[in-house]
Amino acid sequence: MNPEVTQEVVDRVHPLAGALVIALDERGYGPDLTLSEEDVSEVREGLNELYGQQELRDAVRGLLNLGAFLQEQGAEQASTALYDVLAEQPLLDALDALNAERQEQAAEDVAKSSDALRKFAGADTQKKAPQVGEKKPDGALSLDQLKFPKRL
1000 MNPEVTQEVV DRVHPLAGAL VIALDERGYG PDLTLSEEDV SEVREGLNEL YGQQELRDAV
1060 RGLLNLGAFL QEQGAEQAST ALYDVLAEQP LLDALDALNA ERQEQAAEDV AKSSDALRKF
1120 AGADTQKKAP QVGEKKPDGA LSLDQLKFPK RL
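Below is the structure:
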């Protein structure tokens, strides 16, 4: 691969994926390219260090893209070995935990925004459905006053 292209790829992906790109680039891409046990354990250890951090998503995304590239190059063993690491249950559980955390944070952010808008607009201006026994607001019609077409 072209060294300039390699550096451009490395600059765009997570450092864990970038280090693997550099190591594999030195070996040359093609059907004979394989991932050694050392490569696999380095990827696994790098991912383990990222558990609980949002950065884990970027690393996994970069490694998935690298796996797809390896598959395109015909390096089946290398892509399969990489995908096997990415499909391990502890990693999937860590990603699920990050997703749950992200959803909770998003729900909290929406609630805060909603509260801020409610305070800005004034809580008394919030529209409410009339309750049984309450006086109707001025201009409100009862259902009896509406002329619905009769059914045959």
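So the sequence shown is numbered by my numbering: it starts at 1000 and just counts up by one.
Think of the CB as a built atom: it goes at the ideal place given N, C-alpha and C, for glycine as much as any other residue.
- DSSP places P1014 within a helical segment (H, G or I) once states are collapsed to three.
- A1099 sits in a helix when the DSSP states are folded into three classes.
- Residues of the same chain with a CB within less than 8 Å of the CB of Q1072, apart from the 5 flanking positions on each side, are Y1028, G1029, P1030 and L1032 in chain order.
- In its chain, beyond the 5 residues on either side, L1097 have a beta carbon closer than 7 Å to the beta carbon of Q1053.
- When secondary structure is reduced to three states using DSSP, A1080 falls in the helix class.
- In this structure, the alpha-carbon of G1138 lies about 15 Å from that of K1127.
- Take the alpha-carbon of N1047 and the one of S1113: they are about 37 Å apart.
- By a beta-carbon distance limit of 8 Å, V1042 contacts L1015. Their separation comes to about 7 Å.
- Approximately 18 Å separates the beta-carbon atoms of L1065 and L1091; this is outside 8 Å, ruling out the contact.
- For G1066, the enclosing alpha helix (DSSP H) has its first and last residue at E1054 to E1071.
- Take G1045, set aside five residues on each side of it, and the residues of its chain with a beta-carbon closer than 6 Å to its own are L1015, in chain order.
- Minimum Cα-Cα distance from L1085 among the listed residues E1100, L1063 and A1115 corresponds to L1063.
- In this chain, S1035 is not harboured by any alpha helix (DSSP H), its DSSP state being neither H nor E.
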